[in-house]
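Here's the structure, in structure tokens; my notes come after.
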Amino acid sequence: MSGGGMLAGRVRSARREMGNPLYRNAYALMLNTVVNSGFGLLYWIFAARTYSPEEVGRGSALVNLMMLISVLTTLNFGQALIRFLPTAGHDSARLVRLAYAVSAGLGTVAATGVMIYLHLAHSPGDPLWVSPGFALWFVVSTAAWSIFNLQDQVFTGLRSAMWVALENGLYGVVKLVLLVVVSFTSVSDGVFTSWSAPVLALLVPFTLLIARRLLPRHAAASAAESGAGAPAPATLRRYMAGDYVGQVFNQATSSFLPVLIIQLLGPQQSAYLLPAQTVFVAMNMLSVAITSSLVVEGSRDPARAHLLARSILRRIAVIVLPAALLVALAAPLLLLLYGREYSENASLLLQLLMLSMVPRVVVTLWMTRSRLANRTGPLAVQQLVHAVVVLGGTLLLSPSLGLDAVGWSWLAAELLLAVFLAPVVVRWLRGTRPVPVRAAAVDPGAGAVTEVIGRIEDSGTSSDGRDGPHDPDGPDDTAPTRRIPRVRE
202 MSGGGMLAGR VRSARREMGN PLYRNAYALM LNTVVNSGFG LLYWIFAART YSPEEVGRGS
262 ALVNLMMLIS VLTTLNFGQA LIRFLPTAGH DSARLVRLAY AVSAGLGTVA ATGVMIYLHL
322 AHSPGDPLWV SPGFALWFVV STAAWSIFNL QDQVFTGLRS AMWVALENGL YGVVKLVLLV
382 VVSFTSVSDG VFTSWSAPVL ALLVPFTLLI ARRLLPRHAA ASAAESGAGA PAPATLRRYM
442 AGDYVGQVFN QATSSFLPVL IIQLLGPQQS AYLLPAQTVF VAMNMLSVAI TSSLVVEGSR
502 DPARAHLLAR SILRRIAVIV LPAALLVALA APLLLLLYGR EYSENASLLL QLLMLSMVPR
562 VVVTLWMTRS RLANRTGPLA VQQLVHAVVV LGGTLLLSPS LGLDAVGWSW LAAELLLAVF
622 LAPVVVRWLR GTRPVPVRAA AVDPGAGAVT EVIGRIEDSG TSSDGRDGPH DPDGPDDTAP
682 TRRIPRVRE
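Following our numbering, the numbering of the sequence shown begins with 202 at its first residue and continues without gaps.
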């Protein structure tokens, strides 16, 4: 075959790949992870060179405080949107408004309480004291940040994830420019201002885009599907409860680990932990991004969920795992960017964390399966086990292994969970074990039908009416599919 023919073939293959919503949205979310990580790194480098250490320290603390309040008060509504919005039909707008109202409302209440405490408990001149004017800005920014973050999941649930990368790319550019511009003005708290002001500016156009264009189009298209509708309040609460508890355990692990290292090994070792942990979180987010697309498409077509999972597994194997291997091999050189001490003290830690990405694939697929089955209680147990093994192992091993105890403990936690969960994942991928789904109700008048996720015979008629199984890597994945109806209470 000539070079021109090979190029044309590759172009056709790429167009077919990007024409499939499963892959298009997965790649868009992975691109968003890279964009966020890159701009985040540049932002703090510019901040360190533009502002004093005291200003950077206060700004960093306030930004992280805002994000922590937002994470805890959104109740993990984002994952619920990814799971239920794809099939919400004419209830789509109502579900999105509910997520916005609950998250922004709780965020406002929590941020107000925190600001009152900081204003009264600290005196002017203290790094954590806030003026009434700044406190008001912080509260507004927290509410806006909650909605801004939820929009990522809204775009994902609407199968329009390219807007996620575009929105966050614009945000990264604007906040970087504003960081430098504000440094030449008399505006106080320039770091926090440059971080939060672009959110308010971008919130309006992207909210209008969702409300006036994407939601109406999605509602009309998904309403035609069998069993379309938002989940009943009881179903939604049950789903979010397990997912939220698991998120709290996950947040506790990542947030408490640096504190634990300071207590056990001192602040210097905790500093060495930071870059390794940052790189690992970014790499792990690639897997989360690609499986979020799987949740969306699996929600729309439960019968083919296991086939879609196989395709996603192949993408993880050729994208995420080689990237993790490359980072592991280059760990000493990468950490030299932070200084020789970082390379000497944290290279093995970063390599162990990258190695844990291999068993993490099994755990991530199991988590995806659990979300598709509306079984989030086990997710909380899984995150609890992970937290106990990582924190407990670090506590026990740090006297002999030092900072590397974190890496060995993390790898042990992932291996333990992967060995325990692998049989379930393998049976799901093979399509030999249907997943019983808890009821996902819409309204009391809906008829009761049955949903099965993850099994379709490999012979006979496929979900699109053709003979044989429908291959998600095939050329026509946007064709209408015959959906398996759901249980509705």
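Ideal Cβ positions, reconstructed from N, Cα and C, are used throughout, including at glycine.
Proximity of Asn-713 and Arg-572 at Cβ, strictly below 8 angstroms: Here the chain has residues from 202 to 690 only, and residue 713 is not among them.
Cβ-based burial, Ser-332 [other Cβ within 10 Å; buried from 16]: Within the sequence shown, residue 332 is the residue found at index 131, counting from 1. Flag for Ser-332 reads exposed.
Candidates Thr-234, Leu-630 and Gly-608: closest to Ala-366 by CA position: Taking the first residue of the sequence shown as position 1, residue 366 is located at position 165. Considering only alpha carbons, the answer is Thr-234.
Pro-523, buried or exposed, once every other Cβ within 10 Å from all chains shown has been counted against 16: Here residue 523 is taken as the residue at index 322 of the sequence shown, counted from 1. It is exposed - the Cβ of Pro-523 has fewer than 16 other Cβ atoms within 10 Å.
Pro-432 - DSSP class collapsed to helix/strand/coil: As a first step, residue 432 must be located in the sequence shown, where it is residue number 231. Pro-432: coil per DSSP, three-state reduction.
Which of helix, strand or coil DSSP assigns to Thr-633: To locate residue 633, count along the sequence shown from 1; it is residue 432. Of the three classes helix, strand and coil, the one that applies to Thr-633 here is coil, per DSSP.
Local Cβ density within 10 Å of His-507, reported as buried at 16 or more and exposed below that: Taking the first residue of the sequence shown as 1, we reach residue 507 at position 306. Buried is the label assigned to His-507, since at least 16 other Cβ atoms lie within 10 Å of its Cβ.
contact_flag[the region 241-256, the region 489-504] where n(CB pairs < 8 angstroms) is 3 or more: No: the two stretches stay apart, fewer than three of their Cβ pairs being nearer than 8 angstroms.
Beta-carbon proximity check, Arg-360 vs Pro-222, cutoff 8 angstroms: Numbered from its first residue, the sequence shown carries residue 360 at position 159. Numbered from its first residue, the sequence shown carries residue 222 at position 21. It is a contact, given that the beta carbons lie within the stated cut-off.
Nearest-angstrom Cα separation, counted from Glu-218 out to Arg-284: Within the sequence shown, the letter at position 83 stands for residue 284. Within the sequence shown, the letter at position 17 stands for residue 218. One C-alpha to the other measures close to 23 angstroms.
Proximity below 8 angstroms, CB of Gly-241 to CB of Ile-270: The residue given as residue 241 occupies position 40 in the sequence shown. The residue given as residue 270 occupies position 69 in the sequence shown. Going by C-beta atoms, Gly-241 is not nearer than 8 angstroms to Ile-270.
Reduced DSSP category for Thr-386 - H, G, I as helix; E, B as strand; rest coil: Within the sequence shown, the letter at position 185 stands for residue 386. Note: Thr-386 maps to coil in three-state DSSP.
Spatial neighbours of Leu-401 in its chain, beta-carbon cut-off 6 angstroms, leaving aside the 5 residues before and after: Against the sequence shown, residue 401 aligns to sequence position 200. Annotation for Leu-401: Ala-345 place their beta carbon closer than 6 angstroms to its own, counting only its chain and skipping 5 residues before and after.
Helix, strand or coil at Leu-276 according to DSSP, with G and I counted as helix: Locating residue 276 in the sequence shown gives position 75, where the first residue counts as 1. Coil, per DSSP.
Ser-599 at chain E interface by Cβ criterion, 8 angstroms: Going by chain labels, chain E is absent from the structure shown, which holds only one protein chain.
Nearest-angstrom beta carbon gap, Met-555 and Val-528 [assumed within contact, 8 angstroms]: Position 327 of the sequence shown, counted from the start, is the residue given in the question as residue 528. Position 354 of the sequence shown, counted from the start, is the residue given in the question as residue 555. So it is a contact: roughly 5 angstroms between Cβ atoms.
With 16 other Cβ atoms within 10 Å as the buried cut-off, status of Ser-471: Numbered from its first residue, the sequence shown carries residue 471 at position 270. By the neighbour-count rule (16 or more Cβ atoms within 10 Å), Ser-471 is buried.
Member of Thr-313, Phe-339 and Ile-348 whose CA lies at the smallest distance from the CA of Arg-298: Taking the first residue of the sequence shown as position 1, residue 298 is located at position 97. Ranking the options by Cα distance to Arg-298, first place goes to Ile-348.
Asn-265 classed as buried or exposed, judged by whether at least 16 other C-beta atoms fall within 10 angstroms: Numbered from 1 along the sequence shown, position 64 holds the residue referred to as residue 265. Classification for Asn-265: exposed.
Ala-574 versus Ser-599 - alpha carbon distance: Along the sequence shown, one-based indexing puts residue 574 at 373. Along the sequence shown, one-based indexing puts residue 599 at 398. Taking the straight line from one Cα to the other gives about 39 angstroms.
Leu-465 versus Leu-616, Tyr-372, Trp-609 and Leu-597, residue with shortest Cα-Cα distance: Numbered from its first residue, the sequence shown carries residue 465 at position 264. The residue with the shortest Cα to Cα distance from Leu-465 is Leu-597.
Nearest neighbour of Gly-279, chosen from Ala-422, Pro-328 and Ala-442 [CA to CA]: To locate residue 279, count along the sequence shown from 1; it is residue 78. Ranking the options by Cα distance to Gly-279, first place goes to Ala-442.
Collapsed DSSP secondary structure at Val-591 in the structure displayed: On the sequence shown, residue 591 is found 390 positions in, with the first residue counted as 1. The answer is helix: DSSP assigns Val-591 an H, G or I state.
Exposure of Gly-314, with buried meaning 16 or more beta-carbon neighbours within 10 Å: Translated into the one-based positions of the sequence shown, residue 314 becomes position 113. Under this definition Gly-314 is an exposed residue.
For Pro-328 and Val-382, the rounded distance between their alpha carbons: Working through the sequence shown from its first residue, we reach residue 382 at position 181. Working through the sequence shown from its first residue, we reach residue 328 at position 127. The alpha-carbon atoms of Val-382 and Pro-328 are separated by roughly 23 angstroms.
Contact set for Asp-353: own chain, Cβ-Cβ below 6 angstroms, skip 5 residues either direction: Position 152 of the sequence shown, counting from 1, holds the residue named residue 353. So the list reads Val-365, once near-sequence residues are dropped.
Whole-Å CB distance - Ala-614 paired with Val-590, under 8 angstroms assumed: Reading the sequence shown from its first residue, position 413 is the one you call residue 614. Reading the sequence shown from its first residue, position 389 is the one you call residue 590. Rounded, the Cβ-Cβ distance is 4 angstroms, consistent with contact.
Cα-Cα separation between Leu-403 and Leu-337, rounded to whole angstroms: For the purposes of this step, residue 403 is taken as residue 202 along the sequence shown, with counting starting at 1. For the purposes of this step, residue 337 is taken as residue 136 along the sequence shown, with counting starting at 1. C-alpha separation (whole angstroms): 20 angstroms.
Ser-387: CB within 7 angstroms of a non-hydrogen atom of the ligand SAH: Questions concerning the ligand SAH fall outside what the structure shown contains, since it holds no ligand whatsoever.
Straight-line gap, Ala-305 to Arg-541 (C-alpha atoms, nearest Å): In the sequence shown, residue 305 corresponds to position 104, counting from 1. In the sequence shown, residue 541 corresponds to position 340, counting from 1. Looking at the two C-alpha atoms, the distance is approximately 44 angstroms.
Rounded straight-line distance, which links the Cα of Leu-415 to that of Gln-452: In the sequence shown, the residue the question calls residue 452 occupies position 251. In the sequence shown, the residue the question calls residue 415 occupies position 214. The alpha-carbon atoms of Gln-452 and Leu-415 are separated by roughly 32 angstroms.
Coarse secondary structure for His-320, derived from DSSP in three states: Within the sequence shown, the letter at position 119 stands for residue 320. Helix at His-320.
Reduced DSSP secondary structure (H/G/I, E/B, other) of Ala-425: As a working note, residue 425 is residue 224 in the sequence shown. Here Ala-425 carries a coil assignment [DSSP, helix/strand/coil].
Closest Cα partner of Thr-479 within the set Ala-532, Lys-376, Thr-274 and Val-626: Looking up residue 479 in the sequence shown gives position 278. Checked all of Ala-532, Lys-376, Thr-274 and Val-626; the closest Cα to Thr-479 is Ala-532.
As assigned by DSSP and simplified to three states, the class of Leu-351: As a first step, residue 351 is located in the sequence shown; it is residue number 150 there, counting from the start. The answer is helix: DSSP assigns Leu-351 an H, G or I state.
Three-state class that DSSP yields for Tyr-539 in the structure shown: Looking up residue 539 in the sequence shown gives position 338. The answer is coil: DSSP assigns Tyr-539 none of H, G, I, E or B.
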